[in-house]
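> If you're matching them up, the sequences are chains A and B in order.
According to this note's numbering, the first sequence holds residues 800 to 1361 in order.
According to this note's numbering, the second sequence holds residues 800 to 1361 in order.
2 protein chains.
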Amino acid sequence: VWSVLGKISEQELHNYRKFSSVLEGHPTFRFAYTEAATGALGVGLSIGVGEALAARLGKRSYYTYVLLGDGEIAEGCVWEAIQIAAHYQLHNLVAIVDCNGLGQSDEVLFDHDITRYKKIFESFGWHAVIVDGHNIEELLHTFDSMHTSIEQPKIILAKTVKGYGLDFAQGKLGFHGKVFQGEIYKKAIDALRNRCGNDAQYTENDVWKPKLPKAAEQYGTQNRKNILPSKEIITLLCEQKPISTRQAFGQALAALGKVNNAVVVLDADVKNSTYTEMFEQQFPDRFFQCFIAEQNMVSMGVGFHRRGYIPFIATFAAFFSRAHDQIRMAALGQSALRLVGSHAGVAIGEDGPSQMGLEDIALMRCLPKSVLLYPCDVVSTYKLVEAMANYHEGISYLRTTRLPMESGVLYAENEQFHIGGCKVVYQTENAMAVIIAAGITVFEALKAKDILQQQSPLLSVAIIDCYSIKPIDTATIVAVAQKSGSNIVTVEDHYAEGGLGEAVRSALAHTNIKIFSLAVPDLPRSGEKSELLAWAGIDADAIANLVKKIADLNNRKIIRGW
Amino acid sequence: VWSVLGKISEQELHNYRKFSSVLEGHPTFRFAYTEAATGALGVGLSIGVGEALAARLGKRSYYTYVLLGDGEIAEGCVWEAIQIAAHYQLHNLVAIVDCNGLGQSDEVLFDHDITRYKKIFESFGWHAVIVDGHNIEELLHTFDSMHTSIEQPKIILAKTVKGYGLDFAQGKLGFHGKVFQGEIYKKAIDALRNRCGNDAQYTENDVWKPKLPKAAEQYGTQNRKNILPSKEIITLLCEQKPISTRQAFGQALAALGKVNNAVVVLDADVKNSTYTEMFEQQFPDRFFQCFIAEQNMVSMGVGFHRRGYIPFIATFAAFFSRAHDQIRMAALGQSALRLVGSHAGVAIGEDGPSQMGLEDIALMRCLPKSVLLYPCDVVSTYKLVEAMANYHEGISYLRTTRLPMESGVLYAENEQFHIGGCKVVYQTENAMAVIIAAGITVFEALKAKDILQQQSPLLSVAIIDCYSIKPIDTATIVAVAQKSGSNIVTVEDHYAEGGLGEAVRSALAHTNIKIFSLAVPDLPRSGEKSELLAWAGIDADAIANLVKKIADLNNRKIIRGW
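Below, the structure written as structure tokens:
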């Protein structure tokens, strides 16, 4: 179709899947008219739900069309989208299922039983129509009939035969992804030409040009104001009642909502845990309850982003694991999703291991162009939420903590935080090591410093708050480490694999700095925060003990005095 | 209930969620009678599908019961299980949905509209019954009625009120996960006592004791035979037609199936790509087509494992990302799933980035007790498949490659491979570096060695095939590196974060060995294998160039001669 429209040359069609081509094995944004990068199955309908909700929010009249395969709809995320679309009564969403009855290797789940699909969709609350997918006139008529005011999402179940019109292939397994060559290729092309003709008429006007919604036009980053008024933060500082970074995130998000109408917030039935409810209370129109369906939520965010919005998407850090493929595909499609995972690490305590984010750093680090932020107090949370809103190159992720910070607010309101930065929290002459911490472990590091100072003046350490884990501030870390005995101790509330310790190690690969790491060593259990930090060996005592061992390694004489 | 049965003391009930207790925030196997570790929502029904299919396979008459929440069933994986259970007509699966209408933070998707759920389940092909969830007699009667020969999975939709009988809480939001204290606690306990009474009678016989299926009793690892008869491998070696590791996996799996009846195989509509079809052809009863629904497939595997089977679960490496939360929960429940991900890395070529496994190493490394294997030829694939079958402590993962190995078979049939091992593929006096490769990059490393040898006798390198990435063979790597100029070059067809390079770096953290890493640096594209390996900088030329740079760093004199 794009070739007929003059957007792709015939030569380019023959370059399909070649290194130099904009046409890849599955659609990506190398081709300018791609609407969404797909290829991992089932993500399309959720993206469509996001686009349809964006249309409603922006009071725009366009319809969103999503093409699915009948093999693909076995994917659970499709059913999340089906439920949510029905819940939100999205009249402006039209799904088309190509029901050819064949998957890659077998017949599909319900074979060619198209009336069963109709019953299923209708029971969910969709308006469903069955058509002959090979009858162009019937298809056109059906598409026209979709523009009704029925407050239901619509689905066209198109009965088709795979390889229709090619007698040697039609309705048969074994041709999925197969390339026709030579005589067979010629036969196939001729059969298609005979059936479809060459007389289609298209003009440039037939190419839909999406416009950014009003919100984003008016409230882009140029008009952005600081989200952290000094009065507000001073009030917080004066309250003397520590809050958690998840609460600070909720406050910052609401503040951001005030200065930027393009911000929308999605949450998976945990708004009272992630504190996105603070945003909802002030901006109910821009808050979307996504229920317990994290996959659909993430891909909905892709749809909102595509229509010019700035989506913040929140759930427990652990539960983003459920949507990792959707996040991977969003990264592939260069969607600037802002993901916020609460309840990081063993520090959540009693809820137990299934609720602890212990691999989220690893999962977010390995995405192209991703940014990974992990604040430890109110001020840094505010500033990093602001930084995320302004990061448009890919996925950004904020890791928040369940329990309030013991030591209250760490930073003054005028401290600056930026993507790729870190903070030297404590520095001293003749430090023998630098402790690199983030989030909750910053406070453990500060306590460890006090423990060590009481034991010997020789056991002095520097402390870095590595609030930006990706990108990481290599230059500052190297500079501080070289002034601190060229010893680093990393400490993180996360498994060792793919976490802060490995990030530091990779950044410093070509230096002579020694790196020692503390991380959660095994499957945790329920318990109190302090018990679990001690069990994992990531509390102040564990840090202090490791520093003493390093001192012992470096100079056995120092140790003898203890 | 377990307390009434005498399996938990009243004191232990009061220890709920404490560090010393077997009762965690969500069920884990610390409590001996736990059937499945849950807490991430929606995995239960899939585990039940696996158990029900295991019953059918083992010709056992038990029924499997799964309790779900109506908030939970928004999760897509539940709908994958609903479709598959209907497809397999699992009469021995009974689901119960506690329909109380309330989620954690809001009303559930379809509120309290229980007849809508009934219609939906019936349209999928389930036998559905609505009951009053507070009427014990009606519940008992309904449970009895489930033991019918109707060839349908069954669902009991139990209409309930959250906090029923506690006038101050019932049917209200805001009590999710809240602990009652003092007077309110007393009032709540009294209300429950008055309603339920204390006269329940249970005996030890009421505790169901699962038995291992016949298959596992007869064909445990003790009776295991070598799956790789020498004749078979010699035939392979003589064929002189290289095959890929995914094909070798398919052959090995079929060979394993012959000697172990407990092996079952699950595949998500890509059996002709992963080559599990080789197993299916010989053992159709033990092969389960799971359609394009990876999440349900993984949790089904947990059910099979729980009933004594050895599940091998295969799809593209990239698509295991879709099921990462289910894999995380399987690891938490100490299920010995054998996962096999094909189409690793940019080496797949034309299909493009959405189909390339580029983060699977990171995703599998960060699971407690996981094992990560990555063979490069036929012999190592066979031996590692055998090793996986015998690994029962947790998740094991095998990474396979799409294209045949250029250099054919690398290892002789009598070579030994084991979890935690590596192979020194090439070693020489005065090597200036050791290249650590795995899978496809082993062959690039061999070519790099030849390129370097042609350029200068001083540029000699050792090569390690790091086929076991977790656990990793630290001792051998250190020993070879120390004999090779204390320089390591890692090269992997995977993103840098969380991959082979970081695994090596973490293992060697406390040595003076320098580690240089090559990995896929950015989002890839479609193209030919050789183009993509060159683009990513992980081919023989890239390795050779890096080694020359290291030589330059170490001794500028060597270089001057070039």
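For every residue, glycine included, the Cβ atom is placed at its ideal position computed from N, Cα and C.
Cutting at 6 Å between CB atoms, please list the residues of its own chain near F1082 (chain A), excluding the five before and the five after it.
As a first step, residue 1082 (chain A) must be located in the first sequence, where it is residue number 283. G1056.
> Nearest CA to the CA of Q1215 (chain A): which residue from A:P1174, A:Q1253 and A:N1311?
Stepping through the first sequence from its first residue, residue 1215 (chain A) is reached at position 416. Of the listed residues, the one whose Cα sits closest to Q1215 (chain A) is A:P1174.
> In three-state terms, what does DSSP make of K817 (chain B)?
As a working mapping, residue 817 (chain B) is identified with position 18 in the second sequence. If DSSP states are grouped into helix, strand and coil, K817 (chain B) belongs with coil.
> What's the C-alpha gap between T1020 (chain B) and A1232 (chain B)?
For the purposes of this step, residue 1020 (chain B) is taken as residue 221 along the second sequence, with counting starting at 1. For the purposes of this step, residue 1232 (chain B) is taken as residue 433 along the second sequence, with counting starting at 1. Bear in mind that a pLDDT of 42 at T1020 (chain B), under 50, signals an unreliable position, so the model cannot answer this.
> Could you tell me the distance, in whole angstroms, from the CA atom of R1137 (chain B) to the CA atom of N1189 (chain B)?
Stepping through the second sequence from its first residue, residue 1137 (chain B) is reached at position 338. Stepping through the second sequence from its first residue, residue 1189 (chain B) is reached at position 390. So the two alpha carbons sit approximately 10 Å from each other.
> Which value, in whole angstroms, describes the spacing of the CA atoms of D943 (chain A) and H1142 (chain B)?
Here residue 943 (chain A) corresponds to residue number 144 of the first sequence, with the count starting at 1. Here residue 1142 (chain B) corresponds to residue number 343 of the second sequence, with the count starting at 1. The alpha-carbon atoms of D943 (chain A) and H1142 (chain B) are separated by roughly 42 Å.
> Considering only residues of the same chain and omitting the five flanking positions on each side of A1116 (chain B), which have a CB-CB separation below 7 Å?
Working through the second sequence from its first residue, we reach residue 1116 (chain B) at position 317. Only G1140, S1141, H1142, A1143, G1156, D1159 and R1198 meet the Cβ criterion.
> Using DSSP with H/G/I as helix, E/B as strand and the rest coil, what is I1312 (chain B)?
Here the question's residue 1312 (chain B) lines up with position 513 in the second sequence. Three-state DSSP puts I1312 (chain B) in coil, outside helix and strand.
> Is any beta-carbon of chain A found at less than 8 Å from that of L866 (chain B)?
Locating residue 866 (chain B) in the second sequence gives position 67, where the first residue counts as 1. Chain A, which has no Cβ nearer than 8 Å to the Cβ of L866 (chain B), makes this no.
> Which of the residues in the region 1090-1106 of chain B, read from start to end, lie with their CB under 9 Å from any CB of chain A?
F1090, I1091, A1092, E1093, Q1094 and N1095
> Using a beta-carbon distance below 8 Å, is G1326 (chain A) in contact with chain B?
As a working mapping, residue 1326 (chain A) is identified with position 527 in the first sequence. Yes, G1326 (chain A) counts as interfacial toward chain B.
> Can you pull out the residues from the region 871-899 of chain A whose beta carbon lies closer than 9 Å to at least one beta carbon of chain B?
E871, I872, A873, E874, G875, C876, V877, W878, E879, A880, I881, Q882, I883, A885 and H886
> Taking a cut of 8 Å between CB atoms, which residues from the region 1155-1168 of chain A lie near chain B?
L1157, E1158, A1161, L1162, R1164, C1165, L1166, P1167 and K1168
> Could you pull the start and end residues of the beta strand (DSSP E) that A1117 (chain B) belongs to?
As a position in the second sequence, residue 1117 (chain B) is number 318, starting the count at 1. Looking at the DSSP string, A1117 (chain B) is not in any beta strand (DSSP E), and its letter there is neither H nor E.
> Since S1179 (chain A) meets chain B, which of its residues come closer than 7 Å, beta carbon to beta carbon?
Position 380 of the first sequence, counting from 1, holds the residue named residue 1179 (chain A). In chain order: nothing, as chain B lies at least about 23 Å away.
> May I ask you to report which of helix, strand or coil DSSP gives L1183 (chain A)?
Against the first sequence, residue 1183 (chain A) aligns to sequence position 384. Note: L1183 (chain A) maps to helix in three-state DSSP.
> Give me the Cα-Cα distance between A1113 (chain B) and D905 (chain A), rounded to the nearest whole angstrom.
Position 314 of the second sequence, counted from the start, is the residue given in the question as residue 1113 (chain B). Position 106 of the first sequence, counted from the start, is the residue given in the question as residue 905 (chain A). So the alpha carbons of these two residues sit roughly 15 Å apart.
> Secondary structure at K1347 (chain B), three-state DSSP: helix, strand or coil?
Indexing the second sequence from 1 puts residue 1347 (chain B) at position 548. Here K1347 (chain B) sits in helix by DSSP.
> Look up N1286 (chain A) in the DSSP assignment and say whether it is helix, strand or coil.
Working through the first sequence from its first residue, we reach residue 1286 (chain A) at position 487. If DSSP states are grouped into helix, strand and coil, N1286 (chain A) belongs with the strands.
> Going straight from the alpha carbon of Y1225 (chain A) to that of I1250 (chain B), what length do you get?
The count along the first sequence starts at 1 and reaches residue 1225 (chain A) at position 426. The count along the second sequence starts at 1 and reaches residue 1250 (chain B) at position 451. Whole-angstrom Cα-Cα distance: 50 Å.
> Hey, which unbroken runs of the beta strand (DSSP E) at 3 residues or more fall wholly within the region 1048-1087 of chain B?
1062-1066
> Less than 8 Å separating the beta-carbons of I1349 (chain B) and E1291 (chain B)?
As a first step, residue 1349 (chain B) must be located in the second sequence, where it is residue number 550. As a first step, residue 1291 (chain B) must be located in the second sequence, where it is residue number 492. Their beta carbons are not under 8 Å apart, which means I1349 (chain B) does not touch E1291 (chain B) by this criterion.
> What is the DSSP secondary structure of E1296 (chain A), reduced to helix, strand or coil?
The residue labelled residue 1296 (chain A) in the question sits at position 497 within the first sequence. Note: E1296 (chain A) maps to coil in three-state DSSP.
> Alpha carbon to alpha carbon, how far is Y864 (chain B) from I983 (chain B)? Give it in angstroms, no decimals.
Here residue 983 (chain B) refers to the residue found at position 184 when the second sequence is read from its first residue. Here residue 864 (chain B) refers to the residue found at position 65 when the second sequence is read from its first residue. Spanning the two alpha carbons is a distance of roughly 33 Å.
> What is the residue span of the alpha helix (DSSP H) that I883 (chain B) lies within?
Indexing the second sequence from 1 puts residue 883 (chain B) at position 84. G875 to H886 is the span of the alpha helix (DSSP H), which, as asked, contains I883 (chain B).
> Inspect the beta-carbon positions of V766 (chain B) and A1261 (chain B) and report whether they are closer than 8 Å.
Chain B is shown only over 800 to 1361; residue 766 (chain B) falls outside these bounds and no answer can be derived.
> Just checking, does the region 952-964 of chain A make contact with the region 891-911 of chain A on the three C-beta pairs under 8 Å criterion?
These segments touch.
> What residues in its chain sit with their C-beta under 6 Å from that of L1332 (chain A), if we drop five residues either side in the sequence?
Position 533 of the first sequence holds residue 1332 (chain A). Cβ within range, chain order: D1338.
> Just verifying my parser: in three-state terms, what is the DSSP assignment at K1168 (chain B)?
If you number the second sequence from 1, residue 1168 (chain B) lands on position 369. Coil at K1168 (chain B), not helix or strand.
> Kindly say whether H1191 (chain A), judged by its beta-carbon, lies nearer than 8 Å to any beta-carbon of chain B.
For the purposes of this step, residue 1191 (chain A) is taken as the residue at position 392 of the first sequence. No - not a single Cβ of chain B is within 8 Å of the one on H1191 (chain A).
> Taking Cβ-Cβ distances below 8 Å as the criterion, which residues of the region 903-915 of chain B are in contact with chain A?
Q903, S904, D905, V907, L908, F909 and R915
> Do you know how far the Cα of H1104 (chain B) is from the Cα of K1040 (chain A)?
Against the first sequence, residue 1040 (chain A) aligns to sequence position 241. Against the second sequence, residue 1104 (chain B) aligns to sequence position 305. Roughly 49 Å between the two C-alpha positions.
> For K1282 (chain B) and A1230 (chain B), which I take to be in contact (beta-carbon distance under 8 Å), what is that distance rounded to the nearest angstrom?
The sequence position of residue 1282 (chain B) within the second sequence is 483, counting from 1. The sequence position of residue 1230 (chain B) within the second sequence is 431, counting from 1. Yes, they are in contact, since the Cβ atoms of K1282 (chain B) and A1230 (chain B) sit about 7 Å apart, within 8 Å.
> Under 8 Å, do N1095 (chain A) and I883 (chain A) count as touching if we go by C-beta distance?
For the purposes of this step, residue 1095 (chain A) is identified with residue 296 of the first sequence, where counting begins at 1. For the purposes of this step, residue 883 (chain A) is identified with residue 84 of the first sequence, where counting begins at 1. Between N1095 (chain A) and I883 (chain A), the gap from beta carbon to beta carbon is short of 8 Å.
> Mind checking which residues open and close the alpha helix (DSSP H) that includes H1123 (chain B)?
Here residue 1123 (chain B) refers to the residue found at position 324 when the second sequence is read from its first residue. For H1123 (chain B), the enclosing alpha helix (DSSP H) has its first and last residue at H1123 to L1131.
> Counting only C-beta atoms, is R1201 (chain A) closer than 8 Å to chain B at any point?
Indexing the first sequence from 1 puts residue 1201 (chain A) at position 402. Answer no: the Cβ-Cβ gap between R1201 (chain A) and chain B never drops below 8 Å.
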